[in-house]
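Worksheet: the structure to be examined is printed underneath.
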Amino acid sequence: MAVAKTDAINVLNTDTAKLYTHIHPILVLSAYYFNFSSIVADPVSSLIKFLIPLNVLQIAYVVICLPATGTAQPPPVLKSSGMKPAVQKKSPKGKSVSLASRITPALLSLTLSLALGTPLLGTILILFGAPLTTHIHHTILCAAHISLLSALPLIYTHGIDTDKWRRIAALMIPLDEVFGAAVGTCIGAWIGAVPIPLDWDREWQKWPITIVTGAYVGWAVGKVVGGLLVKGKVIDLRP
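With UniProt numbering, the residue at position 223 of the sequence shown is 223, and numbering never jumps.
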């Protein structure tokens with residue numbers, strides 16, 4: 001697999017953004033860990049309840065850390081000695097994009113990720129072997145969690161341009177912590193399906209617990225790897 005370097009989404013050039021972007025996966029995984037036993041005991045009820053803190057954490061992340069689609073991205077920080085640190089770019093009107101102005105696109109991204117992403121991902125889960133006539137609520141909730149983890153930040157930073165989403169689906173945009181998290185979520189969910197058919201007779205093997213757990217772990221790994229290790233590289237699947 002070859003890779004090529006190109007531009008990527010940068011975290012906003014503020015101290016709060018730089019700090020919270022690293023704290024965010026710890027908060028999300030910690031919240032999931034402390035709710036895991038209840039998710040195993042009652043998946044539907046617990047996954048519904050866990051949507052609330054996940055919504056809050058994801059909204060806080062995009063509002064605090066990411067540039068909304070259509071706004072100027074922060075320039076990369078200059079590391080050479082003697083150079084002035086990079087400053088955040090301003091909007092076309094000459095004013096910095098305020099925190100309040102980022103809340104509306106964040107809420108819109110949340111709505112779209114649930115309204116559009118959930119049925120799409122639910123259909124994909126069924127095509128990949130999810131129960132078709134039973135566990136419907138389980139599958140919908142699994143899709144909702146995957147969508148909030150992966151699609152919400154993508155919609156917030158890339159908008160809903162059809163051509164852009166064709167490139168996202170074809171893995172033609174650069175890796176960064178947003179796209180890396182989305183790819184990691186999908187890979188993690190796919191790997192999470194492995195323990196389900198194994199004859200271990202464990203409660204946590206029931207649908208969709210391992211899928212959701214794999215999605216959360218994969219999301220965190222993808223966010224870190226995409227943001228720190230391979231940022232700006234484009235996956236090339238050509239032989």
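C-beta atoms are modelled at their ideal positions from N, C-alpha and C, and glycine is treated no differently. In this text the structure is predicted, and so the values were computed from the model without any measurement.
Report task. Indicate whether Tyr216 and Leu29 have their beta-carbon atoms separated by less than 8 angstroms. Result -> Within the sequence shown, numbered from 1, the residue matching residue 216 stands at position 216. Within the sequence shown, numbered from 1, the residue matching residue 29 stands at position 29. When the beta-carbon positions are compared, Tyr216 and Leu29 come within less than 8 angstroms of each other.
Report task. Helix, strand or coil for Trp200, going by three-state DSSP, please let me know. Result -> Counted from its first residue, the sequence shown places residue 200 at position 200. When DSSP states are grouped into helix, strand and coil, Trp200 belongs to the coil group.
Query raised in the report: Just how far apart, CA to CA, sit Leu108 and His145?
Result: Walking along the sequence shown from the start, residue 108 turns up at place 108. Walking along the sequence shown from the start, residue 145 turns up at place 145. Straight through space, the alpha carbons of His145 and Leu108 are spaced by roughly 17 angstroms.
Query raised in the report: What did DSSP end up calling Thr71 once you bin it into helix, strand or coil?
Result: Counting from 1 along the sequence shown, the entry for residue 71 is found at position 71. Coil, per DSSP.
Report task. Look up Phe128 in the DSSP assignment and say whether it is helix, strand or coil. Result -> One-based indexing of the sequence shown puts residue 128 at position 128. For Phe128, the three-state secondary structure derived from DSSP is coil.
Query raised in the report: What three-state label does DSSP hand Lys95 in the structure shown?
Result: If you number the sequence shown from 1, residue 95 lands on position 95. Its pLDDT being 41, under 50, Lys95 is placed unreliably in this model, and the value from its coordinates should be taken loosely. The three-state secondary structure of Lys95, taken from DSSP, is coil.
Query raised in the report: If you follow the alpha helix (DSSP H) that Ala41 is part of, which residue opens it and which one closes it?
Result: Looking up residue 41 in the sequence shown gives position 41. Taken as a continuous stretch (DSSP letters only), the alpha helix (DSSP H) holding Ala41 covers Asp15 to Ala41.
Requested in this report: Tell me whether Asn35 counts as near the ligand NAP, meaning its Cβ is closer than 7 angstroms to at least one heavy atom of that ligand.
Outcome: In the structure shown, the ligand NAP is absent, as is every other ligand, since no ligand is present at all.
Report task. Report buried or exposed for Ala115, applying the criterion of at least 16 other Cβ atoms within 10 angstroms of its Cβ. Result -> Looking up residue 115 in the sequence shown gives position 115. The residue in question, Ala115, is exposed, as its Cβ has fewer than 16 Cβ neighbours within 10 Å.
Query raised in the report: Can you give the Cα-Cα distance for Val3 and Asp42, rounded to whole angstroms?
Result: In the sequence shown, counting from the first residue as 1, residue 3 sits at position 3. In the sequence shown, counting from the first residue as 1, residue 42 sits at position 42. Bear in mind that a pLDDT of 47 at Val3, under 50, signals an unreliable position, so the number given afterwards is only what the model happens to contain. Rounded to the nearest angstrom, the gap between the Cα atoms of Val3 and Asp42 is 43 angstroms.
Report task. Alpha carbon to alpha carbon, how far is Ile191 from Gly122? Give it in angstroms, no decimals. Result -> Taking the sequence shown and counting its residues from 1, one reaches residue 122 at position 122. Taking the sequence shown and counting its residues from 1, one reaches residue 191 at position 191. When rounded, the distance between both Cα atoms is 17 angstroms.
Query raised in the report: CA-CA distance, Arg102 and Pro197?
Result: Taking the first residue of the sequence shown as 1, we reach residue 102 at position 102. Taking the first residue of the sequence shown as 1, we reach residue 197 at position 197. If I take the Cα positions, the gap works out to 44 angstroms.
Requested in this report: Return the residue from the list His138, Asp161, Ala151 and Asp176 that minimises the CA-CA distance to Thr210.
Outcome: Along the sequence shown, one-based indexing puts residue 210 at 210. Out of His138, Asp161, Ala151 and Asp176, His138 has the C-alpha closest to the C-alpha of Thr210.
**Report entry** the region 125 to 143 / the region 171 to 181 touching (three or more Cβ pairs under 8 angstroms)
**Finding:** Cβ pair count under 8 angstroms is below three, so no.
Query raised in the report: Apart from the five residues on each side of it in sequence, which residues of its chain come closer than 8 angstroms, Cβ to Cβ, to Leu154?
Result: For the purposes of this step, residue 154 is taken as residue 154 along the sequence shown, with counting starting at 1. So the list reads Ile168, Val178, Phe179 and Ala182, once near-sequence residues are dropped.
Query raised in the report: Which parts of the region 103 to 147 are runs of the beta strand (DSSP E), unbroken and 3 residues or longer, counting only runs that do not cross its ends?
Result: Whole beta strand (DSSP E) segments, 3+ residues: zero.
Report task. Assign Gly180 to one of three DSSP states: helix, strand, or coil. Result -> Locating residue 180 in the sequence shown gives position 180, where the first residue counts as 1. Secondary structure at Gly180: helix, using DSSP grouped into helix, strand and coil.
Query raised in the report: Which class does Lys89 belong to by DSSP, given the choice of helix, strand or coil?
Result: If you number the sequence shown from 1, residue 89 lands on position 89. Note that Lys89 scores 45 on pLDDT, short of 50, meaning its location in the model is unreliable; the coordinates nonetheless yield the value given after this. In this structure, Lys89 counts as coil in the three-state DSSP scheme.
Query raised in the report: How would you call residue 264, buried or exposed, if buried means at least 16 neighbouring beta carbons within 10 angstroms?
Result: Because residue 264 is not part of the residues shown, which for the chain are 1 to 239, the question remains open.
Report task. Can you give me the Cβ contacts of residue 245 inside the same chain, cut-off strictly under 6 angstroms, excluding the 5 residues immediately before and after it? Result -> Past the edges of the chain, shown from 1 to 239, lies residue 245, and the structure says nothing about it.
Query raised in the report: Taking the alpha carbon of Ala193 as the point to measure from, which residue in Leu175, Val212 and Asp201 has its own alpha carbon closest?
Result: Position 193 of the sequence shown, counted from the start, is the residue given in the question as residue 193. Put simply, of Leu175, Val212 and Asp201 the residue whose alpha carbon is nearest the alpha carbon of Ala193 is Val212.
Query raised in the report: Is the beta carbon of Pro174 less than 8 angstroms from the beta carbon of Val234?
Result: To locate residue 174, count along the sequence shown from 1; it is residue 174. To locate residue 234, count along the sequence shown from 1; it is residue 234. Cβ distance < 8 angstroms, so Pro174 and Val234 count as in contact.
Requested in this report: Closer than 6 angstroms by C-beta to Pro208: which residues in its own chain qualify, once you throw out the five before and the five after it? Chain order, please.
Outcome: Translated into positions along the sequence shown, residue 208 becomes position 208. Closer than 6 angstroms at Cβ, skipping near neighbours: His138 and Cys142.
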